[in-house]
Amino acid sequence: MVETPNTNHENSHAREPGAGMGAPEAKAWFVREVLPLEAALMQFLRHNWRNESDITDIRQDIYEHVYGAACQEIPQSAKAFVFATARNLLINRVRRERIVPIEAAGDFEMLEMRSDEPSPDRKTIARDELRRLNAALDRLPKRCREAFVMRQVQDLSRREIATRMGIAEKTVKRHLNDAVRMLADILYGEPPDVKSRS
Amino acid sequence: MTDAIYPQDVRVSASEIEDRAADWLMERKDERNWTEEDQKALDAWLAQSLAHQVAFFRLEAALDRAERLRALQPSVRQSNGVWSIALKAVATLSLVAIAGVVGARYMLGPRVAAYQTSIGDSETLSLGDGSQIELNTDTSLRVAQGSNGRQAWLDRGEAYFQIKHDAQHPFTVIAGDSRVTDLGTKFTLRRFPDRVEVTLIEGGARLDADKDQSTARSVTLRPGDMATVSNGAIKVARKSEQTLADELGWRHGILTFRYMTLAQAADELNRYNRTQIVITDPHVAKLTIYGAFTANDAAAFADAVQTDFKLHVENLRDRIVLAR
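Top line first, the protein sequences correspond to chains U and E.
First residue of the first sequence? That's 1 in the working numbering, and the numbers climb one at a time after it.
First residue of the second sequence? That's 1 in the working numbering, and the numbers climb one at a time after it.
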């Protein structure tokens, strides 16, 4: 039996903003258990919600609820909890917007996920992820990547990067922000590239 | 249906929140310019909503992954020309040695605790006085805290010290014949078979060579000083902020090599790995590399240099041999 996530907004305001600040275990759980589900979650959302421009907001909404709940009590199964939350929020959204996406008319389709796959040893993961990270970096726009590498690897300040690249600090800031956001989308939001796995 | 979480109905888009979170993260990454006020402002922003928190945690985790996985762009390249320039630059670094007479006295604390890390591991010790010591790979350290002094011995390896200054109870670290006395400070100390290196990051410290002799040599170190003690003689070189940051990279599992020979880079990497990189060919040993690598991934290093230098890589059980 899956725990029932509370996605009812009227009841959830009992959570004071910032109530989770003192919940480092909730944060650790969120990073360790929930974020790795993002690729599957995004697939689920894209499958069940046709308006692509809403997806980021919906994901954010789901995370907010899931993390908020974890601040009270860590759910037993992250996967079941995340997808149950996603389902409930989609239903809420359908009601609220008084629109019924075709896909939402029926049951939300739960994706089959293979959680019992044997996990490769740490070294294989590390090397795999290294390739993944490099592949992710390669996909950033050139200037964006340059700025990010100067920040991340060479530890230069925004000002130093601006001088080196001959652009405004404001532009550097935008490049860096874009870089970190795209990186998160690639690392968490996309399934690992099967081809690159050894 | 009303939305009780956002009573004023100012629902900020996830994208805007994420952008702000990225702002904070990149701002914070610039440690030199990150103040306590900044931290307070960030805490306040996080406390405003769960949405802020999750967006921030997510980007933070992605960045952490990038940090941990290291080898961001292992940009290895052959650059013999640049290497000779770098050599000249090193040669012109001013080496300063200051001699002084210091009464060499130190006391043993009553409680001595011993700490050890194995190859590839690191450990952070938090002392009761708020000081912190981070042990790098393959390191042995003893710490004594007594009523009339604080003392540590670096018996082997390397450690990063962040010492809470207390004029009444100075903190001293002994490595072989060298002794560092903190004057409110952050520094690294590393033992080599033939020498000891001290790099001062922040604050000030006094370094004494020949700790037991009344004719000991002594210098006061300033931030950016890297002192080498060998056979009782002290040499001090100035290091750029860049170099200091590189030298502390191990704290995040990162090794940065800037125009280093492959042999030197391999030596450095081998400290962190049971699988040793072996180079016998003198030509290969002299190749120059530039790049950042994961400390505990010898295989990734070998992959990178293999591609860039077209080397032959032989993977054996306990070593990786690089050859032409």
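The beta-carbon is built from N, C-alpha and C at its ideal position, and this holds for glycine as well.
Close-in-space but distant-in-sequence residues of the same chain around residue i (CB under 6 Å, 5 per side omitted)
i, result
"E/V112", "R142, A144"
"U/W29", "A70, I74"
"U/A179", "L140, C144, F148"
"E/T228", "R195, E197, K235"
"E/E314", "V321"
"U/E33", "A78"
"E/A265", "F257, I289"
"E/K164", "D129, G130, S131"
"E/V76", "Because E/V76 sits at a pLDDT of 33, beneath the cut-off of 50, its placement in the model cannot be relied upon, and the following sentence gives the value as read from the coordinates. Cβ neighbours of E/V76 beyond the five flanking positions: I289, G291, A304, V305, D308."
"E/H283", "none"
"U/D61", "L89"
With 16 other Cβ atoms within 10 Å as the buried cut-off, status of residue i
i, result
"E/A41", "exposed"
"E/L316", "exposed"
"U/I91", "exposed"
"E/D208", "buried"
"U/H47", "exposed"
"E/W24", "buried"
"U/E25", "exposed"
"E/F293", "buried"
"E/S13", "exposed"
"U/M182", "buried"
"U/R151", "buried"
"U/K27", "buried"
"E/S218", "buried"
"E/P7", "Caution applies to E/P7, whose pLDDT of 40 falls short of 50 and renders its modelled position unreliable; the model cannot decide the point."
"U/R93", "buried"
"E/E247", "buried"
"U/R132", "buried"
"E/A55", "buried"
"U/R207", "Outside the modelled stretch of chain U, which goes from 1 to 198, sits residue 207 of chain U, for which no answer is possible."
"U/Q76", "exposed"
"U/A184", "buried"
Cβ-based neighbour list, residue i, same chain, cut-off 7 Å, excluding 5 preceding and 5 following
i, result
"E/A298", "L269, N273, T275, I277, I320"
"E/A285", "T261, L262, A263, I279"
"E/Q162", "S131, Q132, K186"
"E/L87", "At E/L87, the pLDDT of 31 sits below 50, so the modelled position is not reliable and the matter cannot be decided from this model."
"U/R159", "E169"
"U/S115", "Confidence at U/S115 is low in this model, with a pLDDT of 37, below 50, so its placement is unreliable and no value can be given for it."
"E/E202", "T185, K186, P223"
"U/I161", "A147, M150, R151, V172"
"E/T220", "G204, R206"
"E/E36", "none"
Beta carbon of residue i nearer than 8 Å to that of residue j
i, j, result
"E/V196", "E/G224", "no"
"E/L125", "E/Q132", "yes"
"U/L176", "U/A136", "no"
"E/R156", "E/R179", "no"
"E/A159", "E/L183", "no"
"E/E18", "E/L46", "no"
"U/E190", "U/A39", "yes"
"E/W153", "E/I174", "yes"
"E/N33", "U/S53", "no"
"U/L89", "U/I58", "yes"
"E/G232", "E/D210", "yes"
"E/E134", "E/R28", "no"
"E/L311", "E/A300", "no"
"U/V82", "U/L37", "yes"
Distance between beta carbons of residue j and residue i, contact taken as under 8 Å
i, j, result
"U/A84", "U/L45", "So it is not a contact: roughly 14 Å between Cβ atoms."
"U/G68", "E/L200", "Not a contact, Cβ separation roughly 46 Å."
"E/A295", "E/I254", "7 Å"
"E/F309", "U/V31", "About 37 Å separates the two Cβ atoms, so there is no contact after all."
"E/T137", "E/R271", "5 Å"
8 Å Cβ shell around residue i - same chain, five flanking residues per side excluded
i, result
"E/S240", "G224"
"E/D318", "R274, T275, Q276"
"E/T172", "Y106, G149, R150, Q151, A152, R179, V180, T181, D182"
"U/R164", "M150, L156"
Cβ-heavy atom distance, residue i to the ligand ZN, below 7 Å
i, result
"E/A285", "Summarising the ligand content, the structure contains no ligands, and the ligand ZN is consequently not present."
- Query: When Cβ atoms are compared, which residues of the region 23-34 of chain E fall closer than 9 Å to chain U?
  - Reply: D23, L25, M26, E27, K29, D30, E31, R32, N33
- Message: Please list, in chain order, the residues of the region 52-66 of chain E that have any C-beta partner in chain U closer than 7 Å.
- Response: Q53, V54, A55, F57, R58, L59, A61, A62, L63, R65, A66
- Interface residues of the region 39-50 of chain E facing chain U [CB-CB below 8 Å]: D43, L46, A47, Q48, S49, L50
- Quick one, which residues of the region 23-53 of chain U are near chain E if we go by CB-CB under 7 Å, in chain order? K27, F30, V31, L35
- Message: Closer than 7 Å between beta carbons: that is the criterion. Which residues of the region 65-82 of chain U meet it against chain E?
- Response: Y67, G68
- Task: With 8 Å as the C-beta to C-beta threshold (strictly closer), list the residues of the region 137-160 of chain U near chain E in chain order.
- Result: L137, V149, R151, Q152, V153, Q154, D155, S157, R158
- Message: If the cut-off is 7 Å on Cβ atoms, which residues from the region 131-147 of chain E count as contacting chain U, listed in chain order?
- Response: none
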